[in-house]
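Line by line, the protein sequences are chains Y and U. Residue numbering for the first sequence follows the numbering used here, beginning at 14 and increasing consecutively. Residue numbering for the second sequence follows the numbering used here, beginning at -15 and increasing consecutively. What follows is a set of notes on a single structure, which appears directly below.
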Amino acid sequence: AQKVTQAQTEISVVEKEDVTLDCVYETRDTTYYLFWYKQPPSGELVFLIRRNSFDEQNEISGRYSWNFQKSTSSFNFTITASQVVDSAVYFCALKGPGGGGADGLTFGKGTHLIIQP
Amino acid sequence: ETGVTQTPRHLVMGMTNKKSLKCEQHLGHNAMYWYKQSAKKPLELMFVYNFKEQTENNSVPSRFSPECPNSSHLFLHLHTLQPEDSALYLCASSQDPRDEQFFGPGTRLTVL
């Protein structure tokens, strides 16, 4: 069975601070996909990134960066110089190779990030 | 319209009512999904359709009945729901089940 753990229920930081959201996953698949989504107060889930299990290269996109480490089954997300607009609930998700009735995403419980001005 | 749209955005219904949620994607994707997000549980997958065929039913009660007439439209028919079914119902689509999913704004359902 697949499982995603986001141990941080809520994080509150002051604007311009750096913040890291943790994600630990469990899977028996050798091929799998990891995702991060952002859910602002409006409710719509916004796709941020997808990572394949065979690609451990870290990625940076503006103020966002992701650290994927298979050795620790972690896929952490860092926001540098946080802004109030970054306030949202962030979800980490996992998906297997697909097929055989396993095409959906397994989500963590989410981390509520609060950026205070 | 672009992306994934859902109607209605809000719905209040009694336990004896019958209603339907509609999802439409304008992305040319082949796979569509229904998820449930309630206050007490993490996001849960309900159904998956790929090329109009249901490929996954995550042990969803029969009072929820999905329908996918084509790759662009997905419905969720509701009947004799329970108050605990009150939640945000999210629709998503992807080009392929392996790809990232794009979500609609959701329907906030309240069952009285």
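We put the CB at the ideal spot given by N, CA and C, even for glycine. Computed from a prediction, not measured in an experiment: that's the story for all the values here.
Residues, ordered as in the chain, of the stretch -2 to 26 of chain U that lie near chain Y by beta-carbon distance below 9 Å: Ala15, Tyr17, Tyr19, Gln21, Lys25, Pro26
For Y/Asp116, count neighbouring C-beta atoms within 10 Å of its own C-beta (all shown protein chains included) and say buried if the count is 16 or more, exposed if not. Locating residue 116 of chain Y in the first sequence gives position 103, where the first residue counts as 1. The Cβ neighbour count for Y/Asp116, taken over all protein chains shown within 10 Å, is at least 16; the residue is labelled buried.
Taking any Cβ of chain Y, which residues in the stretch 35 to 65 of chain U have a Cβ under 9 Å from it, in chain order? Thr39, Glu40, Asn41, Asn42
Please name the residue or residues paired with U/Phe59 in a DSSP beta bridge. One-based indexing of the second sequence puts residue 59 of chain U at position 75. For U/Phe59, which the question treats as bridged, DSSP gives the partners U/Lys6, U/Glu51.
Cβ neighbour criterion (16 or more within 10 Å) applied to Y/Ile73: Walking along the first sequence from the start, residue 73 of chain Y turns up at place 60. It is exposed - the Cβ of Y/Ile73 has fewer than 16 other Cβ atoms within 10 Å.
From the DSSP secondary-structure annotation, give me the bridge partner or partners of Y/Phe67. Residue mapping note: residue 67 of chain Y aligns to position 54 of the first sequence, counting from 1. DSSP output for Y/Phe67 lists no bridge partner at all.
Residue from Y/Glu57, Y/Tyr77, Y/Thr44 whose Cα sits closest to the Cα of Y/Val32: Numbered from 1 along the first sequence, position 19 holds the residue referred to as residue 32 of chain Y. When each option's Cα is compared against that of Y/Val32, the closest is Y/Tyr77.
I'd like to confirm the pairing. Which residues does DSSP put opposite Y/Tyr77 in its beta bridges? As a working mapping, residue 77 of chain Y is identified with position 64 in the first sequence. Assignment of beta-bridge partners to Y/Tyr77 by DSSP yields Y/Ser74, Y/Ile92.
Would you say the beta carbon of U/Gly88 comes nearer than 8 Å to a heavy atom of the ligand GTP? The ligand GTP is not part of this structure, which contains no ligands at all.
Interface residues of chain Y facing U/Gln79 [CB-CB closer than 7 Å]: Taking the first residue of the second sequence as 1, we reach residue 79 of chain U at position 95. The contacting residues do not exist; U/Gln79 stays about 12 Å from chain Y at best.
Expected contact under 8 Å - CB spacing of U/Phe31 and U/Glu37 to nearest Å: Within the second sequence, numbered from 1, the residue matching residue 31 of chain U stands at position 47. Within the second sequence, numbered from 1, the residue matching residue 37 of chain U stands at position 53. Actually they are not in contact, since the Cβ atoms of U/Phe31 and U/Glu37 sit about 11 Å apart, beyond 8 Å.
Note the first and the last residue of the continuous beta strand (DSSP E) segment covering U/Ser46. Residue numbering aside, residue 46 of chain U sits at position 62 when the second sequence is read from its first letter. No beta strand (DSSP E) holds U/Ser46; DSSP gives it neither H nor E.
Rounding to the nearest angstrom, what Cα-Cα distance links U/Gln21 and Y/Leu118 in this structure? Counted from its first residue, the second sequence places residue 21 of chain U at position 37. Counted from its first residue, the first sequence places residue 118 of chain Y at position 105. In this structure, the alpha-carbon of U/Gln21 lies about 13 Å from that of Y/Leu118.
Would you report the Cα separation of Y/Ser22 and Y/Pro53, rounded to the nearest angstrom? Here residue 22 of chain Y is taken as the residue at index 9 of the first sequence, counted from 1. Here residue 53 of chain Y is taken as the residue at index 40 of the first sequence, counted from 1. Residue identity check: residue 22 of chain Y is Thr in the sequence provided, not Ser. Taking the straight line from one Cα to the other gives about 15 Å.
Just the chain Y side, please: which residues come within less than 7 Å of U/Val32 by C-beta, in chain order? Counted from its first residue, the second sequence places residue 32 of chain U at position 48. Chain Y residues near U/Val32: Asp116, Gly117.
Below 9 Å on C-beta distance, what does Y/Ser74 contact in chain U? Position 61 of the first sequence, counting from 1, holds the residue named residue 74 of chain Y. None at all; the shortest Cβ gap to chain U is about 14 Å.
Run through chain U and tell me which residues come within less than 9 Å of Y/Phe60, C-beta to C-beta. In the first sequence, counting from the first residue as 1, residue 60 of chain Y sits at position 47. Residues of chain U passing the Cβ test: Glu84, Gln85, Phe86, Phe87.
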